[in-house]
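To start, the structure itself, in structure tokens.
In structure tokens:
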């Protein structure tokens, strides 16, 4: 369901394995960075600080799961008009940054 259809190169799974490791390390690094940022802003290691960090991590986790779901549902449409999807993703990214 999540893998591309058709013939896959034998080295695709090696690439996917390293990409997964890179994403996990990156996500872990982001969590620690967020924790350091919140502590630097004055949130102490009490219930308010833990709540703020948990909310931030949950926001990121829900965003990742929603992207996985969306990509699994609409991912096969990317090949038909890649430029349109790239433009739409840039617009949505800019809107998200503005709202954040």
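Residue numbers (this note's numbering): 1 to 100.
Each residue gets a CB set at the ideal place from its N, CA and C atoms; glycine is no exception.
Are the region 26-44 and the region 56-70 touching, with three or more C-beta to C-beta distances below 8 Å? yes
Hey, would you say residue 78 sits closer than 7 Å to residue 70, going by beta carbons? Position 78 of the chain shown, counted from the first residue, corresponds to residue 78. Position 70 of the chain shown, counted from the first residue, corresponds to residue 70. Result no, Cβ atoms of residue 78 and residue 70 do not sit closer than 7 Å.
Would DSSP call residue 99 helix, strand or coil? Taking the first residue of the chain shown as 1, we reach residue 99 at position 99. Helix.
Over what stretch of residues does the alpha helix (DSSP H) that includes residue 103 continue unbroken? What is shown of the chain runs 1 to 100, which leaves residue 103 out entirely.
Does the distance between the C-beta of residue 15 and the nearest non-hydrogen atom of the ligand COA fall short of 6 Å? This structure simply doesn't include the ligand COA, nor any ligand for that matter.
Taking residue 24 as the reference, give the member of 61, 91, 98, 97 with the closest Cα. By one-based count along the chain shown, residue 24 stands at place 24. The option with the nearest alpha carbon to residue 24 is 61.
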